[in-house]
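To start, the structure under review is shown below, and the notes come after it.
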Amino acid sequence: MAIKIELKKNEEKKNTFVDFSFTTFIWGAFVPMFRGDGKGFVKLLLIWLATSGILVLIDNFPYDSIDFDKIPTIKDFIISLLDVKYKYIFLSYYLIIFLLAIISFVVWFFIAKNYNRDYTNKLLNQGYMAAEDDDYALAILKKYGYLEYTNEELRDNNKIELYKNIIETVKKDEKKKLYIFITYIIVIILFNVVPAVIAYTRIGDITYLEFLQNLYK
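No gaps in the numbering here: position 135 of the sequence shown is 1172 in this note's numbering, and each next residue is one more.
Shown next, in the form of structure tokens:
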């Protein structure tokens, strides 16, 4: 989970983060937008449209407002489904949704794992750096491989011990965030899967035509 540190360039200060970005996983392109990262915003917005955006479109598409009779290909396809058991159509639909959700999850997990690293490296390359007396930020940057330990630090046992204590404290806090993240994922899965399973068990053995007749009568 993300660890917040402060970097400085002359008198300008910027907050950055290292490790997994929980907020990026949930909020996507809003994270770089609030950080003033224009390129990151455009990049993540396009990725969102190609992944999670598809799920939102499928779930909110105005099917009832479209006259499928004027689209012969779709009309013929729907007619071909009328004698099919509705439970198979329902199951196929949710399997497609589940597959798209898995793909979206994997993509955004990868992005959340790497976004903070890329953003922090960008700031460091632009000349931002932790203050010399900010042992917390320096310990984090060195632990996660952004900076190298100096020879002077390696010879200073007190400094190395201080860095170790900082990292141990951070890891304890990160474990708490990890448990929250896992709980969040489980809740989201249950919130989406359980209603679908309940609905499937109540469908019965009717055809798609019978389902439509019951729906619109």
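Each residue gets a CB set at the ideal place from its N, CA and C atoms; glycine is no exception. Because the structure is a prediction, the values reported are computed rather than measured.
Check, Outcome
"Between the Cα of PHE1057 and the Cα atoms of ASP1242, THR1206 and TYR1156, which residue gives the shortest distance?", "TYR1156"
"Looking at LEU1081: is its Cβ nearer than 8 Å to the Cβ of LEU1160?", "no"
"Ends of the beta strand (DSSP E) at ASN1047?", "Looking at the DSSP string, ASN1047 is not in any beta strand (DSSP E), and its letter there is neither H nor E."
"Taking C-beta to C-beta, are LEU1119 and THR1244 nearer than 8 Å?", "yes"
"With burial defined as no fewer than 16 other Cβ atoms inside 10 Å of the residue's Cβ, what is the status of PHE1228: buried or exposed?", "exposed"
"Using 8 Å as the threshold, is the C-beta distance between TYR1237 and LEU1137 below it?", "no"
"Distance check for THR1088 and ILE1037, CA to CA, integer angstroms please.", "Residue 1037 cannot be examined here, being either before or after the span of the chain that is shown, 1038 to 1254."
"Would TYR1123 pass as a contact of ILE1240 if the rule is Cβ separation under 8 Å?", "yes"
"Using the beta-carbon count (16 or more within 10 Å), is LEU1175 buried or exposed?", "buried"
"Take the Cβ of PHE1062 as the centre, count every other Cβ of all protein chains shown within 10 Å, and call the residue buried at 16 or more, exposed below.", "buried"
"Relative to the C-alpha of TRP1226, which residue among ILE1134, TYR1200, GLY1182 and LYS1150 is closest?", "Here residue 1226 is Ile; the residue named in the question, Trp, does not match the sequence. Closest by alpha carbon: ILE1134."
"So, for PHE1054: in the same chain, excluding its five sequence neighbours on each side, which residues have a beta-carbon less than 8 Å away from its beta-carbon?", "ALA1039, ILE1040, LYS1041, ILE1042, ASN1153, TYR1156 and THR1157"
"Please report the residue range of the alpha helix (DSSP H) in which SER1117 lies.", "1109-1118"
"Name the one or two DSSP bridge partners that ILE1040 has.", "VAL1055"
"Please report the straight-line C-alpha distance between TYR1253 and ASN1097, rounded to a whole angstrom.", "20 Å"
"With the cut-off set at 8 Å, would you say LYS1179 and TYR1186 are in Cβ contact?", "yes"
"From the DSSP output, in three-state form, read off THR1157 for me.", "helix"
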